Structures are given as structure tokens and as C-alpha cells.
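Peer 1: Just dropping this structure here.
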Amino acid sequence: MVKWSDEERKVISTIFSNLDYDDIGPKALRRCLIVYPWTQRHFSTFGDLTTPAAIMKNEKAAAHGIKVLHGLDRALKNMDNIKATYAELSILHSEKLHVDPDNFKLLADCLTITIAAKMGDCFTAATQVIFQKFLCVVVSALGKQYH
Ligand code: HEG
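Rendered as C-alpha cells:
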């Protein structure tokens, strides 16, 4: 089981408490759709995603980015049990949505970059270490029900 020090818990909860979900969620998902265009195939119901400009103004993509961040909230509130917390979401992504689990890491990286850009100098290497650990556990939990 993953162990979290008091310092790690503090840094992660500080990042989230300062996070503007409505800003960071859309930015992170848009970045993922632009930088890794094969991820677009899962969002055929979202309308036009054919160009970066279209992605930037796609409201459904923005709304989904916010939804994903709220999904991360659940990991934050259940840090000692992330695997079980995401069991159902993992099954959904695997069996219903057929999302390649490699894509979780790509979105996680886009999220790190988006948050780093927003936090600027406050996003130190030490902060990144802790945040990446958190996202690693999330990505691993989301991939757990794949077989
Ligand atoms: Mg997923 C739905 C969270 C990565 C594609 N995703 C969802 C939902 C949540 C979520 C909370 C709503 C579930 C529900 O309605 O019950 N997603 C989530 C997280 C992460 C992630 C936390 C990774 C950090 N998702 C992800 C990736 C893709 C993807 C990488 C595809 C490249 N998610 C996806 C799709 C849906 C969800 C297609 C359904 C969207 C819809 O139909 O509205």
C-alpha cells in the first residue's frame, strides 16, 4: 500500500485547495487532445475537434475536463485507498469506454504541465515529485481493472 508523509499530504491538499477547476480542467484536457490527437477518438460525440482552434473552443471538451478534475478529487479525499476508490471508474474506462490505459499517463502529464504553468515558481521540483507520486497512484489505480 502507498504511504503518504504529512508533508506529502500537505503539499497535495494545498495544490488542490488553490486549484481553479473550471480553468485547469479544460486547459489540461484540451492540451491532451491537441498534443496526443489519438485521444480524440473517444470523444466523437463532442463535435468538432479537428483543429487546435476547434478544440480550444469546444464546450463539451471544456466540461469534460472539469469532470475529470472532479474525478481526481475523489483520490484526494481517499488518499489511503485510491485503488478501491477508482475500481468502478477503471472498469468503466476499460470495459465500456475502451480507453487505452497508456492515455491516463498522457492526461496526467498534461495536468502537471497545466498546473506548473499556473503556479510558476511555486511549482518547485520538490512539489513536482510529490504531485507526480499522487498522479502515478491515480494512473495505476485507473489501470487496475484492465485485463
Ligand atoms: Mg475519463 C468519463 C475521470 C482519463 C475518456 N472520466 C470520465 C468520468 C470521470 C473520468 C470522473 C465520468 C464517469 C461517469 O460518468 O461515471 N478520466 C478520468 C480521470 C482520468 C481520465 C480521473 C485520468 C486522470 N478519460 C481519461 C482519458 C480518456 C478518457 C485519458 C481518453 C483518452 N472518460 C473518457 C470518456 C468518458 C470519460 C470518453 C465518457 C465521456 C462522456 O461520454 O461524457
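First residue of the sequence shown: 131, per the working numbering; consecutive thereafter. Glycine included, C-beta positions come from ideal geometry on N, C-alpha and C. Small disclaimer: the values here were computed from a predicted structure and weren't measured.
Which residue wins for smallest C-alpha separation from C266, given the options A205, A255 and I221?
Peer 2: Taking the first residue of the sequence shown as position 1, residue 266 is located at position 136. Looking at the Cα atoms, A205 is the closest of the given residues.
Peer 1: Unbroken beta strand (DSSP E) runs of length 3 or more, entirely within the region 231 to 275: which are they?
Peer 2: Taking only runs of at least 3 residues, no beta strand (DSSP E) segment lies wholly in the region 231 to 275.
Peer 1: Curious, which full-length beta strand (DSSP E) runs of at least 3 residues does the region 159 to 206 contain?
Peer 2: Taking only runs of at least 3 residues, no beta strand (DSSP E) segment lies wholly in the region 159 to 206.
Peer 1: Taking the CB atoms as reference points, tell me whether V198 and F234 lie closer together than 8 Å.
Peer 2: On the sequence shown, position 68 is the one that residue 198 refers to. On the sequence shown, position 104 is the one that residue 234 refers to. Not in contact: V198 and F234 (Cβ atoms no closer than 8 Å).
Peer 1: Report the CB separation of A191 from L163 in whole angstroms; it is logged as a contact under 8 Å.
Peer 2: On the sequence shown, residue 191 is found 61 positions in, with the first residue counted as 1. On the sequence shown, residue 163 is found 33 positions in, with the first residue counted as 1. Between L163 and A191 the Cβ distance is about 6 Å, and since that is below 8 Å, they are a contact.
Peer 1: With DSSP as the reference, label N211 as helix, strand or coil.
Peer 2: Position 81 of the sequence shown, counting from 1, holds the residue named residue 211. Here N211 sits in helix by DSSP.
Peer 1: Say yes only if the C-beta of K157 is nearer than 7 Å to one or more non-hydrogen atoms of ligand 1, and no if none qualify.
Peer 2: Taking the sequence shown and counting its residues from 1, one reaches residue 157 at position 27. No, Cβ of K157 sits at least 7 Å from all heavy atoms of ligand 1.
Peer 1: Taking 7 Å as the cut-off, is the C-beta of G250 nearer than that to any heavy atom in ligand 1?
Peer 2: Walking along the sequence shown from the start, residue 250 turns up at place 120. Outside the cutoff, so no.
Peer 1: Does the distance from the C-beta atom of G195 to that of P156 stay below 8 Å?
Peer 2: Sequence index remark: in the sequence shown, residue 195 carries index 65 (1-based). Sequence index remark: in the sequence shown, residue 156 carries index 26 (1-based). Yes.
Peer 1: Please state whether DSSP places D150 in a helix, a strand or coil.
Peer 2: One-based indexing of the sequence shown puts residue 150 at position 20. D150 falls in the coil class under three-state DSSP.
Peer 1: What does the alpha-carbon distance come out to for the pair D172 and C252?
Peer 2: To locate residue 172, count along the sequence shown from 1; it is residue 42. To locate residue 252, count along the sequence shown from 1; it is residue 122. One detail in the question is off: residue 172 reads as His in this sequence, not Asp. For H172 and C252, the distance between alpha carbons rounds to 34 Å.
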